[in-house]
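Engineer: Numbering (this note's numbering), first residue to last: 112 to 471.
1) Where do the N-terminal and C-terminal ends of the alpha helix (DSSP H) with residue 356 fall, by residue?
2) Thinking residue 296 and residue 320 are a contact (beta carbons under 8 angstroms), I'd like their distance in whole angstroms, please.
3) Could you name each continuous alpha helix (DSSP H) segment of 4 residues or more that falls completely within the segment 384 to 456, going from the start of the chain to the end?
4) Write down the C-beta distance between residue 306 and residue 363 rounded to the nearest angstrom, noting that I regard them as a contact closer than 8 angstroms.
5) Run the CB neighbour count on residue 199, radius 10 Å, all protein chains shown included, and call it buried at 16 or more, exposed below.
6) Roughly how many angstroms lie between the CA atoms of residue 348 and residue 162, to the nearest whole one?
7) Identify whether residue 338 lies in helix, strand or coil by the three-state DSSP scheme.
8) What separation, rounded to the nearest whole angstrom, lies between the Cα atoms of residue 221 and residue 138?
9) Check residue 300 in the structure and name its three-state DSSP category.
10) Report yes if the CB atom of residue 130 is closer than 8 angstroms to the CB atom of residue 312, and no otherwise.
11) Report, in whole angstroms, the separation of the C-beta atoms of residue 202 and residue 398, which I expect to be a contact under 8 angstroms.
12) Check the DSSP bridge columns for residue 283 and list the partner residues they point to.
13) Out of 253, 149 and 232, point me to the one whose CA is closest to residue 406's CA.
14) Among the candidates 403, 436 and 417, whose CA atom is the shortest distance from the CA of residue 226?
15) Measuring alpha carbon to alpha carbon, tell me which of 455, 462, 430 and 328 ends up nearest residue 184.
16) How big is the Cα-Cα spacing for residue 258 and residue 214?
17) For residue 192, write down the residues that DSSP places opposite it in a beta bridge.
18) Does the segment 113 to 126 come close enough to the segment 447 to 462 that 3 or more CB-CB pairs lie under 8 angstroms?
19) Reducing DSSP to helix, strand and coil, say where residue 376 ends up.
20) Can you give me the Cβ contacts of residue 134 inside the same chain, cut-off strictly under 6 angstroms, excluding the 5 residues immediately before and after it?
21) Going by C-alpha to C-alpha distance, which of 260, 172, 418 and 339 sits closest to residue 286?
22) Quick check on residue 232: buried or exposed, where buried means 16 or more other Cβ atoms within 10 Å of its Cβ?
23) According to DSSP, is residue 114 part of a helix, a strand, or is it coil?
24) For the beta strand (DSSP E) holding residue 278, just list the boundary residues, first then last.
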């Protein structure tokens, strides 16, 4: 497979040497050795810091979508009411996922170029529908937007909604995540975005209320959360642990915390601002609407007029730059630069923007 000297896809991102080296070490069986359990608990502590939570952390083998499905399947039974607040591909998609499990789903939807707003409309829907779960996406990578969640969490708490489910796979580590302050019960993350690890591990925080519901639902399957509740205490995991994957996640979280979360947030902000500024100066239109919050981890822009995505993609690849297109109704209209994790690097982003300028 051909690789490109300027990688700017919004995940999986470039894995740094310190994480890749983890896979060269020899490991025993995570089922048998106490050292694995110790590593797992240390990794949990680091992820709690990144999520700003006191809740339990579950780490599973499988990329971020595993966490999304796991939380839904473990917490919902047919007929449960789910209020989906959606602004993009993943927001609407989570509602469809819940619906496929038999949930009664009501969607408060916004345009793909918007971020969550009109809290009065959302509050009215909560009051009328009385959901068991509210779902939202923090960073909508297909549209390059970042949803503010504090007010949604306040409404969840005020109306005593049992569960607040948040996908922050593309946000955690690159933007602040305040799981406890925002009253999030199920905060979902993945290794391959801002943490810059391979796409093989997912993780989530689980509140006491969520555990209570998980226990009552009693879902059984590879992606079930319930078996993880006592896994550390009993030193018994529901399937063979991925020791290398947990070790890589531990190192990845450590690199982020060594940098400092605020320093990471500032780095992502600076690079994103630079990216957006230069694109606008080139005459390229950004996709998010003027009133929306652009994501610090990914920039979405409109494909230059007169070009197809295929032509634009080929031009950039021929010059050594690989970016991403988009999905769903945005396919063929939007291209995206992933400045997250290791790729939130000013020199790398400037190289990418130089290529884009030359390709116009």
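Beta carbons: idealized from backbone N, C-alpha and C, even for Gly.
Structural biologist: Per the coordinate set shown:
1) 354 to 370
2) 6 angstroms
3) 420 to 429
4) Right, the Cβ-Cβ distance comes to about 4 angstroms (below 8 angstroms), so this counts as a contact.
5) buried
6) Roughly 23 angstroms separates the two Cα atoms.
7) helix
8) 48 angstroms
9) strand
10) no
11) About 15 angstroms; that fails the 8 angstroms criterion.
12) 286
13) 253
14) It is 403 whose Cα lies nearest to the Cα of residue 226.
15) 328
16) If you draw a straight line from the Cα of residue 258 to the Cα of residue 214, it comes to about 24 angstroms.
17) Its beta-bridge partners are 215.
18) yes
19) helix
20) 355
21) Among 260, 172, 418 and 339, the Cα nearest to that of residue 286 is on 260.
22) exposed
23) It is coil, neither helix nor strand.
24) Run containing residue 278: 274 to 278, per the beta strand (DSSP E) assignment.
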